[in-house]
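Student: Following this note's numbering, the numbering of the sequence shown begins with 195 at its first residue and continues without gaps. We put the CB at the ideal spot given by N, CA and C, even for glycine.
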Amino acid sequence: MGKRELLLLVVFVVLGVGVYQVSAPAAPADTPGFSLSRLVQMAKAHFHGPQVRRTVTRTATLTVPEDTDTLDLGEIRGTVVVEGTDQAEVSVRLEAMLGGMDDADVARQEKAVQLEMKSDGTTASLSLQSSNEGPGPRYEMRGGPRPHYEVRVEMPKRLKLRLAGRGTAEVSGIAGLELDEYRGELTTEAVSGPITGDIRDARAEFGAGAILDLDTKNGRIRAEGPASVNLRSERGSVDIVDPKGAVAIKTDFARMDIRGTGGPVTITGEGGVIDLRDVAHPLTIEADRLTVSAELATPVATTITVSDDTVDVTLPRQGGVQLEASIEDGALRLPGDLTSTKNDQTESVSAAIAGGGPIVKIVVKGGEVRIRSRAPQPGT
């Protein structure tokens, strides 16, 4: 809400309250009445920010039953740091920074900050409450910013974590992670089990050994040394470095960058850009309107089927492949030692490169195919 809108709101509130004071029935004696000075204080707090700040600390612990396998932190807007330990209990420390118009306002908020843990079946859960929750004009008129939370959690490393909300999260040393439309910044290390769920408008970095099975939207995703990757990515970017297993991405106009392979790579969907380097395992791409650049490190089975875009493939420096490439309604660019054949609207090439080997098959309809060779030239 802008300053002009707030000023108009204050004027209308004053007029409305004046009419109400004249026409309303008498209120109980213990009910606080209208205070013009307090209303002015609220407006000043909106213009100038909170007048009083205070940090409140709360702690909670819970001994986790043996049949519990998940800790649900719910939706936390703030900073969350989670660490797996050998302990049998969950320990939580909350620091909430409150801001208000005066000491009384902050004291009211402080009283309302509650932290509770409970266990129900296979799930332990955290409940965090505050009087200043909720966005919008009603919240702003209370005169303070939304409380900023910093939550530190130590939990048994055998448990999985369920996380929602918006903010910053660091997670390490646990058995798995489930994300429920998480937004913000996320970092994980040494998570031994699957990382599942969905993230939105987020920047996420996953450490070595991560097992990713995620839906992402407008995210910036980076994984270094993941055990496996299975993503459904709508827009945003995906950066995979030195994966140790299979990589599968369904793109919806995402930008993808894959450096190195540790297993088969499969790309499907529509739209976007993919750049692959040091490909040493089978590669399969089947997509529409996807710009492809792939550099093969060794001879591997490769199938690329794309429509309405450009495919650029660099053949391996050593070893042979059987090249089968064709394009309909487009252009085929080849190294100088290869010759294509044309048939109506189709141009193609079939050649045993360096004695032949695994099939590199490229089929494009509408667009361009470029084949590049890194093989040493005669006399060099």
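For a quick check, are the C-beta atoms of GLY463 and LEU490 less than 9 Å apart?
Tutor: Within the sequence shown, numbered from 1, the residue matching residue 463 stands at position 269. Within the sequence shown, numbered from 1, the residue matching residue 490 stands at position 296. No, these two residues do not count as a Cβ contact at 9 Å.
Student: Between the alpha carbons of ALA298 and LYS411, how many angstroms are there, rounded?
Tutor: One-based indexing of the sequence shown puts residue 298 at position 104. One-based indexing of the sequence shown puts residue 411 at position 217. Distance between ALA298 and LYS411, taken at the CA atoms: about 42 Å.
Student: Quick one: using the 10 Å Cβ neighbour count with 16 as the cut-off for buried, is GLN578 buried or exposed?
Tutor: A query on residue 578 cannot be resolved here, the shown segment of the chain reaching from 195 to 574 and no further.
Student: Quick check on this structure: which residue in GLN308, GLY466, LEU353 and LEU470 has the alpha carbon closest to the alpha carbon of PRO458?
Tutor: As a position in the sequence shown, residue 458 is number 264, starting the count at 1. Selected option, being the one with the closest Cα: LEU470.
Student: CA-CA distance, PRO529 and ASP395?
Tutor: Translated into the one-based positions of the sequence shown, residue 529 becomes position 335. Translated into the one-based positions of the sequence shown, residue 395 becomes position 201. If I take the Cα positions, the gap works out to 42 Å.
Student: Please go through the region 383-457 and give each complete beta strand (DSSP E) segment of 3 or more residues, from N-terminal end onward.
Tutor: 388-400, 405-411, 414-418, 422-428, 431-435 and 441-453
Student: Any C-beta of chain D sitting closer than 9 Å to the C-beta of VAL300?
Tutor: Any reference to chain D falls outside this structure, which holds one protein chain only.
Student: For GLY268, is the classification buried or exposed, using 16 other Cβ atoms within 10 angstroms of its Cβ as the cut-off for buried?
Tutor: On the sequence shown, residue 268 is found 74 positions in, with the first residue counted as 1. Classification for GLY268: exposed.
Student: Are there 16 or more other CB atoms within 10 angstroms of the CB of GLY315, so buried, or fewer, so exposed?
Tutor: As a position in the sequence shown, residue 315 is number 121, starting the count at 1. Classification for GLY315: exposed.
Student: Let me know the secondary structure DSSP gives ARG511 once reduced to three states.
Tutor: If you number the sequence shown from 1, residue 511 lands on position 317. Coil at ARG511, not helix or strand.
Student: Measuring alpha carbon to alpha carbon, tell me which of ALA318, THR381 and GLY272 ends up nearest PHE400.
Tutor: The count along the sequence shown starts at 1 and reaches residue 400 at position 206. Nearest C-alpha to PHE400: THR381.
Student: Looking at LEU288: is its Cβ nearer than 9 Å to the Cβ of VAL365?
Tutor: For this step, residue 288 is matched to residue 94 along the sequence shown. For this step, residue 365 is matched to residue 171 along the sequence shown. No, the Cβ-Cβ distance between LEU288 and VAL365 is not below 9 Å.
Student: Can you check whether the CB of GLY387 is closer than 9 Å to the CB of ILE368?
Tutor: Here residue 368 refers to the residue found at position 174 of the sequence shown. Here residue 387 refers to the residue found at position 193 of the sequence shown. Cβ distance < 9 Å, so ILE368 and GLY387 count as in contact.
Student: What span of residues does the beta strand (DSSP E) with GLN308 cover, start to end?
Tutor: As a position in the sequence shown, residue 308 is number 114, starting the count at 1. Its beta strand (DSSP E) spans residues 308-314.
Student: Look at SER427 and GLY413 and say whether their C-beta atoms are less than 9 Å apart.
Tutor: For the purposes of this step, residue 427 is taken as the residue at position 233 of the sequence shown. For the purposes of this step, residue 413 is taken as the residue at position 219 of the sequence shown. Cβ distance < 9 Å, so SER427 and GLY413 count as in contact.
Student: Given that a residue counts as buried once 16 or more other Cβ atoms are within 10 Å of its Cβ, and exposed if not, what is PRO170?
Tutor: Any answer about residue 170 is impossible in this case: the structure gives the chain only from 195 up to 574.
Student: Does the region 550-564 touch the region 511-528, meaning 3 or more C-beta pairs lie closer than 8 Å?
Tutor: Touching, yes, given that three or more Cβ pairs across the two stretches are closer than 8 Å.
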